[in-house]
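Residue numbering for the sequence shown follows this note's numbering, beginning at 90 and increasing consecutively. The C-beta atom is built at its ideal place from N, Cα and C for all residues, glycine as well. Please read all numbers here as calculations on a predicted model, not as lab measurements.
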Amino acid sequence: MAQTFVHLRVHSEYSMVDGLVRVKPLVSRAAELGMPAVGLTEQSNMCSLVRFYKAALGAGVKPIIGADIWLENPEEPDNPFRLTLLARDNDGYLNLTEIISLGFTDGQRHGKPIIQRDWLESRANGLIVLSGAKLGDVGKALMAGKPELARERAAYWRDLYPDSYYLELQRTGRAGDEDCLHLNLELAAEMGLPVVATNDVHFLEAEDFEAHEARVCIGESRTLDDPRRERRFSDQQYLRSPDEMIELFSDIPEAVDNTLEIARRCSVQVRMGEYFLPDYPIPDGMTMDEFFRKVSEEGLEERLAVTLSKDDPEYDAKREAYYKRLNFELDIIIQMGFPGYFLIVMDFIKWAKNNGVPVGPGRGSGAGSLVAYAQMITDLDPLEYDLLFERFLNPERVSMPDFDVDFCMEGRDRVIEYTAEKYGREAVSQIITFGTMAAKAVVRDVARVQGKSYGLADKLSKLIPFEPGMTLNKAIEEEPQLKDFLEQDEEAQEIWEMALKLEGVCRNAGKHAGGVVIAPTKITDFSPLYCDDEGGSLVTQFDKGDVEDAGLVKFDFLGLRTLTIIKWALNMINPRREKRGEGELDIATIPLDDKPSFDMLKKAETTAVFQLESRGMKDLIRRLQPDSLEEMIALVALFRPGPLQSGMVDDFIDRKHGRQPVSFPHPDYQYEGLKPVLEPTYGVILYQEQVMQIAQVMAGYTLGGADMLRRAMGKKKPEEMAKQKQIFLDGCEKNGIDKTLAENIFDLVEKFAGYGFNKSHSAAYALVSYQTLWLKAHYPAEFMAAVLTADMQNTDKVVTLVEECRAMGLDLLVPDVSRSAYTFTVNDDGQIVYGLGAIKGLGEGPIDSIVAAAKDGPFEDIFDFCRRIDLKKVNKRALEALIRSGAMDKLGPGRAQLMASIEKAIQQADQQSKNDAAGMIDMFGEMLHAGGEDEDPYVDVADVREWPEKQRLKGEKDTLGLYLTGHPFDEYEKEVRQFVRSSIADLKPNKSPQRVAGLVVAQRTMKTRTGSTMCFITLDDRSARIEATLFSEAFF
C-alpha cells in the first residue's frame, strides 16, 4: 500500500472562476505534507504555470503540468463535459499549450473556451487524461443509466490515449460522488481501465470553504444565501493530507497508487532563464554583428552631419569622442548577444516614422545609449546631456535591454500590426495582466455576497485610505477610525475577516498597456494564448514577468497621448504654413533655447504643457525659474515626493539663485573632483547617473560596478551596503582621498540615492515637455485646439482649458454645423472652432453625416440642414442638442426659433426624400418654398420669444458641460470679489481655511455615522471647478 499520495487536480486563484489556492502556499503545503509531487490544473488555462513550476522546483516538489478543460458536448452545446489533461513529457506540454490556446482563439461559447475532439485527436501525443469523474462524458453517461454509451466513450479515449486514460474517482461529499465511483469501478473492471483518486482541490485548508464560496459568488454576482445558487462545491475539497486520502480510499488502494504512478510518468522540462529572439533579416554576405556595426556607424554619421560643424575648431576631438563611445557600446552589445534586439526595435521605429506615426524621443534608461541614438531609436544625444549607457545596459549584470517606446495613441496599433505582419501573426502577441481583489473593492464585494447593506459596505470601504498599494492590514494601522469601527460593529468585522482571506486574489485577466512579445517560432511554443470571447485582444497567458522567464523578449509599444496632441497640432499648423509659403514644421528640429518659450515657462503659464501643468509644479517653476532644457530636465526630476520632502528642492533653488553657496557635494566636506559631475545640478545629487559617476571618480568603480552600487543603495540591504561601503572606501584610499571625507560623502550619497531619478528618462520626457511648451508659445491656437480635442470627453478639464484660452487672448467660437469638424480646429482667422464631438448626445455617426454634408457648402437654414443630412443618423434629439449648444446659431434668428422649427424642418426633409425616391420633379419642394427665395423661412415662428440668458446658458451647460457664451457667475462676480479675492484656478494648497465662491453645478448627499446629513457640492466660477464638503450645520 502507498505511503503517500499526489494531488493531480488542483485549481489555484488563476482559474479565476472558482479557485482560491495561492501558488506558493500550495507548494509549501505539499512539501510540508511530504508529497513528492503536485499537479496544478487550472480551469481552461495555464496562467500560473511559470510561477508554479519555479516554486515547486524551489521547494523540492515535482511540478505536474496540466489543465481542466471544457470538452464539447454535441448533444448539449451549452453543457460541456469536463476532462483533465496532464503533460507527460515536453511533447505533451507543447500539445497542451496548443489545445488550451485553440480553446480561446477558436472555441469560445458564451465566454467558455470549449475544446473540440479533433484538436485532441491531432495532439494526443505526450498527454495523460483523467475522465472528469461525474462531469466527464463517461461519468455523465454512467449517471444517466447509459452503460453502453459510457463503454463506447471510454473505448474512444482508451484508443486515443493507450495506457494514458484513467477513470477518475472522487469522494468529496458531493451528491452523486459515491454512485459515480462504483459505476466507474464496474466499468474499469469490465474494460481493464486504470482508476485514479482526485480530490478536485479548490482551496488549501478546510476552513477556507466559506471564503471560496464567497469568491465563487463574487464571480457569479450572487449572494451566499441565494436559494437559486447552485452549490457546486463541498467543504471537503481542500488539500487533504496523504494519510487522509489513503484512509478515504482504503478500499481502493490502486486509486491512490496510480497518483504516484502518474506523477512518476510525468516529466516536463520548461526552459527558463534563456532569451529567444526572432532572426532579424540581414543582407547576404554579412553577419548580424557586422550589419549591426554598419547601420550604427551610418546612423551616427547622419546624426553628426547635423549636430557637429566642421568649422568648429574642436570638430575632430568631438567626433573622436562620439566614435569612442559608439565602439564601446557596440562591443558590449555584441558581447552580450543583443544586436538582434536593437535591430528589431530600430526596424519598427523606422517603419513608424516613415508611415506617419509619431515616436517619442525616448523613455527610461534607453535614452542613455549612443547606439540607440545613432539607430534613430531615440532622439536625445546622450553625450550632450551626460547620459550613461551603463544605466541602460550593465555589462557586469546580464539582463535583457528594455526599450520603452512611446507612440502616438492613434498609430500604436498600426505599428503592432506591422510587427505581426513582418514576423508572422503566430509569432507576435500582447501580454496578459491580472486584476486582483484590491482592498477597497474586496470589502464591497464581500459585503454584497454576505447580503450586508450598501451603506455599511460604503462606509467601510471609504474608511480605507485611497492610495496605491493600500492593503487591509496597512489600512488598520493608518486609520484609527477604521479600527474603532471594526471593534464596535459586528457585521463590519464579519466583512473584514472574509475580505482578508480574499484580498489580493486574482480576479480577472486584462491586457498589458504596451507589452508585446515576438517569438522566433509560434508563440505557443513558449506560452499558451488567451483572448476575449470575441476572439480579440490576443495575449499570452503568462504575464510580463513569467513570459520573460519562459524565454520571450518583451518589447514595449506604449501609447503617449501627448504625441497625439503634437501630431494634431502639426496637422493644423502645416497647412496654414503652406498657405503662407513656409516650409513644413518638424517638431524634432525646433531650437532648444527658444527665449519666448522659456519666458512663458518662467511665468508658469504651463496649463496643458506635458508634465508641467499641476499647481504644485507651477509653484516649483515660479521658484526655480528654469531657463534651459538642462534645468527643465532637473525640474522633472525634482518634482517628486522624495526630493520635495528631503529639502533637496530648497537646496537646488537656493544654490541656483545664489542664496546658498554651491558645494561639491556639501559645505562641510567637499571634493573638487566631483565638480564636473555635480555642477549642472549646483552640487545637489539629483540623478542616479551622478551616484554612479561619484563612485567612478572617487573610488575607481567601473560604471557597470557603480550601477551595482546604485542598485544596492536603492534596496537598502544592510549586508550588501556594508560590503559596498568597504569597496568604496578602499577605492578612495587608493586614490589618496581622506577616509573621513570618503565616509561622509558615501553616507550623503547613500541618503540621496533613494531620491535619485533616472536622468535619461527625465531628459527624454523634458524634451517632450519642451516641445509642447514651444508649440504653446508659437502656435497657441493650434496647440490648444489639439489639447481640447484630447480632453473633450472630460468636462472638468475642458472648463480649465477654455478659461486658459481666454487668458491667452484666444477666440473660442461656439460649435458651428457648417464649419466645425468632429475635433476642435483653427479657422483662417486663427480662432478655435469648437468640435462637434464635444457636444453631449451626438455620436460619431451623426457628426460624420453633418461634416460630410457641410463639404458641399455652408447650410443656409435649419430646413436646408435637414434636407442635406441623413435624418436616420441625426434624429430630433440630436437636432435639439445642436441648437442648445449654439451649433446652429448661424442658421436662424435665435435658438428659440430654431427649436420651434424642428418639426417642420423634419417634415419637409422627409417629403423631399420621398419625392427623390419616387423620381419626381421637385415641384412639391418648390411649392413648399412658395413666395420666392427671399421669403423668411422662419416667418411661422417670428412671434416665438428668444430664450433668456439663463436658459441659453443652461442649454450650453447641458450639451457642452460648460458655459461658453457667458457664465451665470458673471452676474455676481463684481460683488463676490469684494469678499473672495481668489478664483478657484488660483487656489493653492493651504492648511488654513480659504474662502471660495462659485456656482453650484453638482451636488450629492450622504448620511454620516451619527445619522446627520452631509453634502458634497461642485463649485464653478468659470476659471475652474472644485468640490467642497458641507456638514449638517451648513447644509439645509
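Asked	Found
Could you compute how far the alpha carbon of S101 sits from the alpha carbon of A144?	14 Å
For G670, count the other beta carbons within 10 Å of its own beta carbon; 16 or more makes it buried, fewer makes it exposed. Which is it?	exposed
Going by other Cβ atoms of all chains shown within 10 Å of its Cβ, with 16 needed for buried, is S253 buried or exposed?	buried
According to DSSP, F197 sits in a beta bridge with which residue or residues?	Per the sequence shown, the amino acid found at residue 197 is Gln instead of Phe. For Q197, which the question treats as bridged, DSSP gives the partners P202.
I need the DSSP call for G128, collapsed to helix, strand or coil.	strand
Since Q630 is in the beta strand (DSSP E), which residue starts that stretch and which ends it?	V628 to D632
Below 9 Å between beta carbons: does that hold for P166 and P367?	no
Scan the region 632-693 and note each continuous alpha helix (DSSP H) run of 4 residues or more that stays entirely inside, going in chain order.	633-638, 650-668 and 684-691
Are the CB atoms of Q325 and N273 nearer to each other than 9 Å?	no
Mapping DSSP to helix, strand and coil, what is E499?	coil
What is the rounded straight-line gap between the Cα of R712 and the Cα of R704?	13 Å
Taking Cβ positions, are A156 and M361 nearer each other than 9 Å?	no
Pair every Cβ in the region 345-352 with every Cβ in the region 413-425, then say whether three or more of these pairs are closer than 8 Å.	no
Under 8 Å: do the region 920-934 and the region 1072-1088 share three or more Cβ pairs, one atom per stretch?	no
Tell me, please, which residues DSSP counts as bridged to N597.	G524
So Q358 and N179 are supposed to be a Cβ contact under 8 Å. How far apart are they, rounded?	6 Å
I520 and V434 look like a contact to me (Cβ under 8 Å); what is the Cβ gap, rounded to whole Å?	Not confirmed; about 17 Å, so no contact.
Q464: which of K151, K1063, F492 and E479 sits nearest, CA to CA?	F492
Using a Cβ-Cβ cut-off of 7 Å (strictly less than) and excluding sequence neighbours within five positions of T878, which residues of its own chain qualify?	W657, T912, F913 and G924
Three-state secondary structure (DSSP) at T613?	helix
Taking the CB atoms as reference points, tell me whether K993 and F952 lie closer together than 9 Å.	yes
Around the C-beta of F431, are 16 or more other C-beta atoms found within 10 angstroms, so that it is buried, or is it exposed?	buried
Any contact of the region 451-466 with the region 509-519, i.e. 3+ C-beta pairs under 8 Å?	no
V1085 by DSSP, collapsed to three states: which one?	coil
When you compare each of E579, L733 and I553 to E567 by their alpha carbons, which one comes out closest?	I553
For the beta strand (DSSP E) that contains T1118, what are its first and last residues?	R1114 to L1119
Can you tell me which residues form a DSSP beta bridge with M1103?	M1095
Per DSSP, what are the beta-bridge partners of K151 in this structure?	A126
Measuring only the C-alpha atoms, how far is C894 from K548?	41 Å
What does the alpha-carbon distance come out to for the pair R665 and D917?	8 Å
Report all residues from its chain with a CB closer than 7 Å to the CB of V106; omit the five preceding and five following residues, and keep chain order.	Q132 and G308
Measuring only the C-alpha atoms, how far is D1011 from Q1001?	Per-residue confidence for D1011 stands at a pLDDT of 49, beneath the threshold of 50, marking its modelled position as unreliable; no derived number is given.
Between the alpha carbons of R1093 and I972, how many angstroms are there, rounded?	29 Å
So T653 packs on E499, CB below 8 Å; how close in whole Å?	6 Å
With a threshold of 16 other CB atoms inside 10 Å of the CB of V1089, please say whether the residue is buried or exposed.	exposed
What whole-angstrom Cβ distance do R744 and V738 have, given they're in contact under 8 Å?	So it is not a contact: roughly 11 Å between Cβ atoms.
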